[in-house]
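Asker: The structure's right below; bear with me while I get my questions together.
In our numbering, the protein residues as written are 494 to 1229.
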């Protein structure tokens, strides 16, 4: 038969063996949709392919959101660039579609398939020498004996030869059978496929944060935790009939009540009360409300629980009283409060989210490795060795058994976005459950297995705000994702920021008025905290990859990101020197966080500047001094660019809050530390070494990223704010 190949760069796409992409002897496996998407682009290389055309080609008669296309493009770009560090063959054409930019050549190659069948009959004869007949006992039933063949004559030869021949023959047979089984298993291994959901709808539509849903045994109600509204700061337990009525409040404690679960007889609800510093406790309350009963205390205060099907036990996560052992799965006797340890994750960081199987024989849970990666495991409810189901090393938020006990549904970051997956409880390849939601966390499966409830988190959605003298703050840049970490260019004509609107945090560029937004990076590797070079031609940023983070430089016009250093340690918050020749950053390569610098052209090694701790740094315009903050410490410090005295700046003792400070040519603008709003924006004048107030803001930018920027003239400020602290419980029907 003929095989057609598409070659581009160092890659070869094999259209006969779908989902295989070859690169220099390495095989990169693609999902079916990734293959179809790449095939559609490769066969029209150089042309702009509209989004509608790609949706029609890949998803055909299935109605999916445009976000699905964007997410698959992001995953495909990551796989194409995985071997090279930052490859990008797929160009985004704003408002039009995508274009495959590499030159593609095709070739046909004949493949001769030879099928050989060998039938071999192996005859083994054993010759035995008998000097006298065996003695018979009274217990021997002669009728049950196999017939004995009379041999012509005894043979006195050694038995070593026939035993060796027998062993070789059996070994050959075993190898052939085992090889066939492995090959057959590989060829029949199911591919990752998507499962569609129907009739997705909000459960209640309540404002604020509703979370941690659990179905009642009859499937007619859901118990959940709710903070009471947009301004609520405390979780209590509520129960509501699906499709009717208002939620009924069951608890009103000043501490958070979380992770409620119905008892199998529908009479009680168990939940965890988070006691914060002192751990937590398991509480039992009647399903219609009433007096609470304490079941047991927990050294862990914020982990979910589950009932055994007979209602006698709860599975919880707890640690030993000594605190030596990590958090592990335990069972609790509801009558006595006695706890028994089920798992022993000595070599792991801990475990979370235990769930009894419908028959009560097993407990599924999430195990956390020392590097914080997570996978799904199953263990017998009585204890023993745990069996691993997933091998992705990705964050898993929650899980639930399906009604038949044959499958487990879980939420995972397998695709860089939290989504729903299903896996057989016996193991195998997970199947994606296609939903329209993002940042999906806690979930529950209805007793009939036809409906799932899951939570869509919106608490990480942020927008970029603009505030200027004499003007009220206004939302400046917003999208369906989170937009954060803005910075003005030195000439004030452009803005760079990070956004996860395409599924993962990437670097984006916009004009000073917020228009003409365009994407600079496409690696889907959580790019963060971008900063302009002094001439505005480049942007430096760091990208998270598991437990390490690296610094990249990308042109603002046309070009690919360039890795600045491949050292394995974490590197955060890069910024440019005043002359653009150096990149400053903080790193933990010595075991604690310090300030370093490295040539922007990567012509030399990194040089350590501070020795007493550093968090985020920005150079002064004189090119002689660097200002920096320290983690969990008030104030700003300064140090010469080549190292030296590390001195606090007395006038900046209330600065450094949440990375909310910005260095300009005239001075430093910062949001001052305060116990409550309004928060004052202040200005430290380089020429006078004096500080004065400018204007106020009601909320603080997110703490995690560099999130505050002042224009060169100090008249305009940009900062990110969370739009809302909300989450919604969604109901969906799952097709089998």
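Don't be surprised by glycine CBs; every beta carbon is placed ideally from N, CA and C.
Quick check on this structure: which residue in 1178, 594, 800, 796 has the alpha carbon closest to the alpha carbon of residue 758?
Answerer: 800
Asker: Helix, strand or coil for residue 532? Go by DSSP, reduced to three states.
Answerer: DSSP places residue 532 in helix when its eight states are reduced to three.
Asker: Going by DSSP in three states, residue 1071 sits in which element: helix, strand or coil?
Answerer: Three-state result, residue 1071: coil.
Asker: Rounded to whole angstroms, what is the Cα-Cα separation between residue 1211 and residue 1148?
Answerer: 17 Å
Asker: Residue 569 bridges to which residues according to DSSP?
Answerer: Beta-bridge pairing links residue 569 to no other residue.
Asker: Go ahead and label residue 923 buried or exposed: buried means 16 or more other beta carbons lie within 10 angstroms of its beta carbon, across all protein chains shown.
Answerer: buried
Asker: Where are the beta strand (DSSP E) runs, 3 residues long or more, that stay fully inside the segment 957-1039, in chain order?
Answerer: 967-970, 976-981, 987-992, 999-1004, 1020-1025, 1031-1038
Asker: May I have a chain-ordered list of the beta strand (DSSP E) segments no shorter than 3 residues that lie completely inside the segment 729-768?
Answerer: 729-734, 750-755, 761-767
Asker: Do you know whose CA, among 1075, 1041, 1034, 1071, lies nearest residue 1055's CA?
Answerer: 1034
Asker: Would you call residue 1200 buried or exposed, if buried means 16 or more other Cβ atoms sit within 10 Å of its Cβ?
Answerer: By the neighbour-count rule (16 or more Cβ atoms within 10 Å), residue 1200 is buried.
Asker: State the DSSP-derived secondary structure class of residue 653, mapped to helix, strand or coil.
Answerer: With a pLDDT of 44 at residue 653, under the threshold of 50, the modelled position of this residue cannot be trusted, and the question is left open.
Asker: State the DSSP-derived secondary structure class of residue 1147, mapped to helix, strand or coil.
Answerer: coil
Asker: When the distance is taken between beta carbons, is residue 591 closer than 8 Å to residue 534?
Answerer: Yes, the Cβ-Cβ distance between residue 534 and residue 591 is below 8 Å.
Asker: Grab me the residues of residue 1118's own chain with a C-beta within less than 6 Å of its C-beta, minus the 5 sequence neighbours each way, in chain order.
Answerer: Within the same chain, and ignoring the five residues on either side of residue 1118 in sequence, the residues whose Cβ sits closer than 6 Å to its Cβ are 1131.
Asker: Are the Cβ atoms of residue 895 and residue 1223 separated by less than 8 Å?
Answerer: no
Asker: Buried or exposed for residue 604, please, with buried defined as at least 16 other CB atoms from any protein chain shown within 10 angstroms of its CB.
Answerer: For residue 604, the predicted structure reports a pLDDT of 46, less than 50, and the residue's modelled location is therefore unreliable. A value from the coordinates is still provided. By the neighbour-count rule (16 or more Cβ atoms within 10 Å), residue 604 is not buried but exposed.
Asker: For residue 788 and residue 825, which I take to be in contact (beta-carbon distance under 8 Å), what is that distance rounded to the nearest angstrom?
Answerer: Contact flag correct, Cβ pair sits at about 6 Å.
Asker: Per DSSP, what are the beta-bridge partners of residue 541 in this structure?
Answerer: Answer is 592, bridged to residue 541.
Asker: Compare the Cα-Cα distances from residue 1190 to each of 524, 586, 1214 and report the closest residue.
Answerer: With distances taken between CA atoms, residue 1190 lies nearest to 1214 out of 524, 586, 1214.
Asker: Are there three or more Cβ pairs, one per stretch, closer than 8 Å when the segment 1011-1023 is compared with the segment 1042-1056?
Answerer: yes
Asker: Over what stretch of residues does the beta strand (DSSP E) that includes residue 1227 continue unbroken?
Answerer: Residues 1220-1227.
Asker: Could you check whether residue 1128 and residue 1142 sit closer than 8 Å to each other, using their CB atoms as the reference points?
Answerer: Cβ atoms of residue 1142 and residue 1128: closer than 8 Å.
Asker: Kindly give me the distance between the Cβ atoms of residue 752 and residue 764, rounded to whole angstroms, as I take these residues to be in contact under 8 Å.
Answerer: 6 Å
Asker: Kindly indicate which residue of 798, 766, 701 has the alpha-carbon position closest to the one of residue 823.
Answerer: 798
Asker: Within 10 angstroms of its Cβ, does residue 1104 collect 16 or more other Cβ (buried), or is it exposed?
Answerer: exposed
Asker: Taking a contact to mean a Cβ-Cβ separation below 8 Å, would you say residue 857 touches residue 901 in this structure?
Answerer: yes
Asker: Taking the C-alpha atoms as reference points, what is the distance between residue 703 and residue 725?
Answerer: 11 Å
Asker: On a Cα-Cα basis, can you pick out the residue from 805, 1073, 845, 916 that is closest to residue 830?
Answerer: 805
Asker: Taking the alpha-carbon of residue 990 as reference, which of 727, 999, 508 has the nearest alpha-carbon?
Answerer: 999
Asker: What number of angstroms, rounded off, separates the C-alpha of residue 1183 from the C-alpha of residue 1154?
Answerer: 16 Å
Asker: Excluding the five sequence neighbours on either side, which residues of its own chain have a C-beta within less than 6 Å of the C-beta of residue 1165, listed in chain order?
Answerer: Correct list, in chain order: 1147, 1173, 1175.
Asker: Use the C-beta contact count for residue 867: other C-beta atoms within 10 angstroms, 16 or more gives buried, fewer gives exposed.
Answerer: buried
Asker: Using only CA atoms, which one of 1209, 526, 550 lies nearest to residue 537?
Answerer: 550
Asker: Who are the near neighbours of residue 803 in its chain, counting only those whose CB is closer than 8 Å to its CB and skipping five residues on each side?
Answerer: 757, 853
Asker: Buried or exposed for residue 875, please, with buried defined as at least 16 other CB atoms from any protein chain shown within 10 angstroms of its CB.
Answerer: Counting the other Cβ atoms within 10 Å of the Cβ of residue 875 gives fewer than 16, which makes it exposed.
Asker: Nearest to residue 1102 by CA position, among 1094, 1139, 786, is which residue?
Answerer: 1139
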